[in-house]
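Just so you know, the UniProt record's numbering puts the end of the sequence shown at 707, numbered straight through with nothing missing.
No residue lacks a Cβ here, since even glycine has one placed at the ideal position from N, Cα and C.
Please read these numbers as outputs of a predicted model, since none were measured by experiment.
What follows is a short report on a single structure.
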Amino acid sequence: MAGEPWTSGSNESSSRALTPPSVPPPPTKAPPTALPPLAAWLRTPRPEAGPGIWRCGYEPRSPKDLDQTPTRRLVVGALASAFLCWALISLLWDGYLGDYWVWPYVAIMPDSTRGDMIWVIGSWVYALGITFGIVIFFARLGRLPELGRRALQRAQQAPQPTGAPPPPRHHPTPPPEQDPVHWPHLRAAGAEQAADRLRDELLAGALSDVDQARLERAWQVARSQQNVEAFVREVVSKGAAACPHGSRQRDVSARVALHDLVLRQVRIGQATDSDRNPYQYRGAGIALDPGVLGTSALVVGPAGSGKTARVVRPVVESLCLQALSGQAAVIYVTTGSVNRTAPADDAFDVVVGVGDPDSVYGLDLYGGVTDPDEAATLLAEALVGDLTTSPAGGDSRRAATLLAQLIGPYQAVHARFPDVPELRELLHDDAAVGELRSALESKGRRGSTWVRELDAYRRQARSGTLDSVLEDRIALLDRPIFEDFFTAPGSPPARRRPFSVRALDRPVRARIDLPERGHAEASRILARLLLAQFSACAAARPDRSLFAALVLDDASQTVTPNALRGLQQLRSAHAGVLLTLRGLDEVPEHLRSSLLGAVGCRAVCAGVSPWDAERFAEAWGTEWVETRTVTNRQLVSDEPMTKVLHGLRKMATGRYVSAESVTVRQEQRQRWSASELANELPPGHAVLSMTTVRGERTPPVLTNLNG
Numbered sequence: 001m002a003g004e005p006w007t008s009g010s011n012e013s014s015s016r017a018l019t020p021p022s023v024p025p026p027p028t029k030a031p032p033t034a035l036p037p038l039a040a041w042l043r044t045p046r047p048e049a050g051p052g053i054w055r056c057g058y059e060p061r062s063p064k065d066l067d068q069t070p071t072r073r074l075v076v077g078a079l080a081s082a083f084l085c086w087a088l089i090s091l092l093w094d095g096y097l098g099d100y101w102v103w104p105y106v107a108i109m110p111d112s113t114r115g116d117m118i119w120v121i122g123s124w125v126y127a128l129g130i131t132f133g134i135v136i137f138f139a140r141l142g143r144l145p146e147l148g149r150r151a152l153q154r155a156q157q158a159p160q161p162t163g164a165p166p167p168p169r170h171h172p173t174p175p176p177e178q179d180p181v182h183w184p185h186l187r188a189a190g191a192e193q194a195a196d197r198l199r200d201e202l203l204a205g206a207l208s209d210v211d212q213a214r215l216e217r218a219w220q221v222a223r224s225q226q227n228v229e230a231f232v233r234e235v236v237s238k239g240a241a242a243c244p245h246g247s248r249q250r251d252v253s254a255r256v257a258l259h260d261l262v263l264r265q266v267r268i269g270q271a272t273d274s275d276r277n278p279y280q281y282r283g284a285g286i287a288l289d290p291g292v293l294g295t296s297a298l299v300v301g302p303a304g305s306g307k308t309a310r311v312v313r314p315v316v317e318s319l320c321l322q323a324l325s326g327q328a329a330v331i332y333v334t335t336g337s338v339n340r341t342a343p344a345d346d347a348f349d350v351v352v353g354v355g356d357p358d359s360v361y362g363l364d365l366y367g368g369v370t371d372p373d374e375a376a377t378l379l380a381e382a383l384v385g386d387l388t389t390s391p392a393g394g395d396s397r398r399a400a401t402l403l404a405q406l407i408g409p410y411q412a413v414h415a416r417f418p419d420v421p422e423l424r425e426l427l428h429d430d431a432a433v434g435e436l437r438s439a440l441e442s443k444g445r446r447g448s449t450w451v452r453e454l455d456a457y458r459r460q461a462r463s464g465t466l467d468s469v470l471e472d473r474i475a476l477l478d479r480p481i482f483e484d485f486f487t488a489p490g491s492p493p494a495r496r497r498p499f500s501v502r503a504l505d506r507p508v509r510a511r512i513d514l515p516e517r518g519h520a521e522a523s524r525i526l527a528r529l530l531l532a533q534f535s536a537c538a539a540a541r542p543d544r545s546l547f548a549a550l551v552l553d554d555a556s557q558t559v560t561p562n563a564l565r566g567l568q569q570l571r572s573a574h575a576g577v578l579l580t581l582r583g584l585d586e587v588p589e590h591l592r593s594s595l596l597g598a599v600g601c602r603a604v605c606a607g608v609s610p611w612d613a614e615r616f617a618e619a620w621g622t623e624w625v626e627t628r629t630v631t632n633r634q635l636v637s638d639e640p641m642t643k644v645l646h647g648l649r650k651m652a653t654g655r656y657v658s659a660e661s662v663t664v665r666q667e668q669r670q671r672w673s674a675s676e677l678a679n680e681l682p683p684g685h686a687v688l689s690m691t692t693v694r695g696e697r698t699p700p701v702l703t704n705l706n707g
């Protein structure tokens with residue numbers, strides 16, 4: 001069934017270098033006595049919540065009472081009420097207040113019963129009733145019920161460790177027509193046999209959360225393409241292993257984060273329970289999902305602040321799981337300093353080790369495009385995109401024109417694009433351009449457009465230095481360590497299989513390891529190339545049902561004006577980019593504010609510099625807050641007796657007698673100041689804000705990344 005429309009069989013060719021795991025045989029239908037964890041996980045409520053809140057088992061906080069009395073004041077009032085209650089009852093029972101409080105009892109009881117047992121019992125009942133009424137009165141006066149409710153809530157939250165997710169709670173079993181364990185939506189559509197098989201697999205513990213998400217996705221595709229009968233046959237035949245991913249894998253090894261594939265969320269931390277956070281976010285889990293990553297994300301923090309281990313690694317792991325379930329495609333770009341924390345090789349279909357002689361895969365230099373103008377634009381962005389403000393002629397548009405004047409004629413002669421050594425020769429040697437022109441003329445294209453393009457290239461190359469800049473940059477890729485790594489469509493067969501960013505139309509999982517030592521500039525060129533290719537290919541996909549993600553771990557010197565325009569276009573293309581930086585100084589100064597405005601998710605980790613903190617503080621803006629100003633004014637009196645009293649108070653307290661006045665007003669203040677971001681963030685914490693593709697925004701939230 002690998003050729004059915006809902007499967008990911010088109011990805012099989014990209015995973016031949018991996019050994020597919022063995023699929024367990026179908027389990028018996030006898031369910032175990034204990035309920036499998038997956039069933040309890042599926043039944044866990046997921047109420048609606050704000051953007052970025054971990055919704056699995058989330059319990060919304062009750063609306064905040066702005067007039068709520070502080071707990072300390074409640075305790076003092078309760079103690080005072082208890083003391084007054086005890087004093088009044090003692091005075092009544094000891095007779096210090098007289099017998100007038102027993103007059104109502106004497107008035108209603110007949111005189112003939114005085115001294116009898118009825119009189120004694122009645123007097124005790126009356127006294128206890130009066131006492132009970134006094135206790136109730138002072139209990140309500142001291143607001144003991146509210147104090148008890150707060151104590152109970154605190155006792156329920158006390159066993160939970162700081163930063164740990166809330167413990168699972170028992171939830172009632174829903175009826176069969178609403179129980180996800182029984183797959184009610186399949187039964188409602190007439191696929192009862194498939195629902196029975198999946199229910200048995202789930203209760204037997206053979207179904208994982210990835211299987212459940214993959215089969216849900218396959219069912220949606222089958223319904224949309226009218227292939228329900230084929231889906232039922234596949235599920236009845238193979239059970240939990242039906243509709244597999246092209247790699248035949250059904251999970252990734254050694255997970256490091258909490259995932260909820262029902263909502264496609266991954267938990268990255270917990271919002272601190274402090275006044276700095278919005279009320280509904282205090283103590284809640286913080287999670288990322290495609291709805292947030294679709295606006296692109298930027299994480300800034302120094303080395304060791306946790307941006308890779310606690311943000312990037314969980315996000316990449318979540319995207320790999322979503323790819324196995326047929327919901328996403330991910331390209332993870334690392335350098336030598338961070339690939340040690342990346343998921344294992346078996347979590348990816350394609351691993352491109354640029355400069356590694358043992359790498360099975362190479363890299364398509366042109367990203368799978370066939371138009372020479374588009375290919376020249378992408379390549380120019382990679383080569384000179386970071387030199388747009390340089391007086392040396394680093395205009396990417398002019399560079400794209402020059403490259404197109406070479407790539408187009410070369411394609412017309414050889415029916416393919418030039419590879420790196422051939423392109424370097426064309427930029428360096430005018431004789432090679434002459435040979436290309438002669439080859440065009442020999443094919444009967446003496447007056448063709450391509451001949452005029454070559455002539456125009458010669459004129460522009462003589463009038464400027466841009467071709468020298470292009471030659472110097474392309475020479476960085478024409479090194480012995482990169483031999484046979486960068487290929488072009490139609491090139492002679494190489495010993496490495498080329499990977500193209502154009503593969504985003506299927507649920508591919510790719511990791512590209514860039515060299516770090518000795519080839520830092522080449523790594524930056526390749527990072528800019530991959531970012532440009534991803535932006536172009538993700539926006540040009542005819543089928544955008546898959547969420548496409550590019551994760552650049554260390555995006556230094558990759559942000560250009562064209563890259564920012566590409567980031568803004570990804571929101572409507574169901575795609576997003578995650579960038580990490582050690583500091584904003586790795587971005588040109590005139591692009592720093594534009595970068596913070598182009599991404600929807602911004603995160604600053606502990607240890608950031610004051611200059612970077614100031615940029616984030618400006619991006620998060622201000623908010624209206626209520627401020628209270630207390631003014632003490634010394635009291636001066638001309639009355640002799642008042643002067644004596646003031647003198648006695650000063651001798652007793654050591655302070656002058658003063659009058660206190662309170663002024664309350666509304667004013668605008670920064671949500672987070674630069675000083676707070678730079679100096680007051682605890683280690684392992686970050687402040688982040690999120691925006692969804694629908695436009696919902698969150699204020700900056702202080703998050704414990706260790707939670």
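{"Item": "DSSP three-state assignment for Glu-48, whether helix, strand or coil", "Value": "coil"}
{"Item": "For Gly-285, the residue or residues it bridges with in DSSP", "Value": "Gln-270"}
{"Item": "Cross-strand partners of Phe-486 (DSSP beta bridge)", "Value": "Leu-363"}
{"Item": "Own chain, CB closer than 6 Å to Ile-331, minus 5 neighbours either side, in chain order", "Value": "Ala-510, Leu-550"}
{"Item": "Start-to-end residues for the beta strand (DSSP E) that takes in Ser-658", "Value": "658-670"}
{"Item": "Rounded Cβ spacing between Ala-240 and Leu-261 (contact assumed at less than 8 Å)", "Value": "Between Leu-261 and Ala-240 the Cβ distance is about 14 Å, and since that is not below 8 Å, they are no contact."}
{"Item": "7 Å CB neighbourhood of Leu-584 in its chain, flanking five on each side removed", "Value": "Val-300, Arg-592, Asp-612, Arg-615"}
{"Item": "Proximity of Ser-123 and Tyr-96 at Cβ, strictly below 8 Å", "Value": "no"}
{"Item": "CB of Val-311 within 8 Å of CB of Ile-268, strictly", "Value": "yes"}
{"Item": "For Gly-285 and Pro-51, the rounded distance between their alpha carbons", "Value": "11 Å"}
{"Item": "Inter-stretch contact (C-beta, 8 Å, three-pair minimum) for the stretch 317-327 and the stretch 342-349", "Value": "yes"}
{"Item": "Anticipated Cβ contact below 8 Å, Leu-454 with Gln-411, distance rounded", "Value": "Incorrect: roughly 13 Å between the Cβ atoms, too far for contact."}
{"Item": "Opening and closing residue of the alpha helix (DSSP H) in which His-428 lies", "Value": "420-428"}
{"Item": "Extent of the continuous alpha helix (DSSP H) run through Val-292", "Value": "290-293"}
{"Item": "Span of the alpha helix (DSSP H) around Pro-498", "Value": "Note, Pro-498: premise wrong, no alpha helix (DSSP H); beta strand (DSSP E) at 497-499."}
{"Item": "Touch test, the stretch 521-539 against the stretch 475-483, Cβ-Cβ under 8 Å, three pairs minimum", "Value": "yes"}
{"Item": "Nearest residue (CA-CA) to Asp-554, options Arg-458, Leu-298, Val-221", "Value": "Leu-298"}
{"Item": "Simplified DSSP assignment, three categories, for Ala-613", "Value": "helix"}
{"Item": "Alpha-carbon to alpha-carbon, Tyr-126 and Asp-179", "Value": "57 Å"}
{"Item": "Val-457 to Ala-254 span [Cα, whole Å]", "Value": "The question names Val, but residue 457 is Tyr in the sequence shown. Roughly 54 Å between the two C-alpha positions."}
{"Item": "Three-pair Cβ contact test at 8 Å for the stretch 44-59 versus the stretch 693-702", "Value": "yes"}
{"Item": "8 Å CB neighbourhood of Pro-60 in its chain, flanking five on each side removed", "Value": "Pro-47, Ala-49, Gln-280"}
{"Item": "Host alpha helix (DSSP H) of Asn-277 (start-end)", "Value": "Element bounds for Asn-277: n/a, residue is neither H nor E."}
{"Item": "Nearest candidate by alpha-carbon position, reference Gln-220, set Pro-682, Ala-204, Cys-243", "Value": "Cys-243"}
{"Item": "His-185 - containing alpha helix (DSSP H), residue span", "Value": "184-188"}
{"Item": "Euclidean distance between Cα positions of His-646 and Val-657", "Value": "6 Å"}
{"Item": "Expected contact under 8 Å - CB spacing of Phe-231 and Ala-218 to nearest Å", "Value": "6 Å"}
{"Item": "Contact set for Val-559: own chain, Cβ-Cβ below 6 Å, skip 5 residues either direction", "Value": "Val-587, Leu-591, Leu-595"}
{"Item": "DSSP state of Arg-154 mapped onto helix, strand, coil", "Value": "helix"}
{"Item": "N- and C-terminal bounds of the beta strand (DSSP E) containing Arg-624", "Value": "Sequence inspection shows Trp at residue 624; the Arg mentioned does not correspond to that position. Residues 622-634."}
{"Item": "Sequence-distant residues of its chain with Cβ nearer than 7 Å to Trp-183 (five each side left out)", "Value": "Ala-195, Leu-198, Arg-199"}
{"Item": "Close beta carbons around Leu-147, own chain, < 6 Å, minus the five adjacent residues each side", "Value": "Leu-74, Ala-78"}
{"Item": "Cβ neighbours of Gln-193 in the same chain (closer than 7 Å, five flanking residues each side left out)", "Value": "Val-232, Val-236"}
{"Item": "Beta-carbon proximity list for Leu-363, same chain, < 8 Å, skipping 5 on both sides", "Value": "Val-352, Val-354, Phe-485, Phe-486, Thr-487, Pro-498, Phe-499, Ile-512, Leu-526"}
{"Item": "Any non-hydrogen atom of the ligand GDP closer than 7 Å to Ala-510 Cβ", "Value": "The ligand content of the structure shown is nil, which means the ligand GDP is not present either."}
{"Item": "Exposure label - Pro-683; buried when at least 16 CB within 10 Å", "Value": "exposed"}
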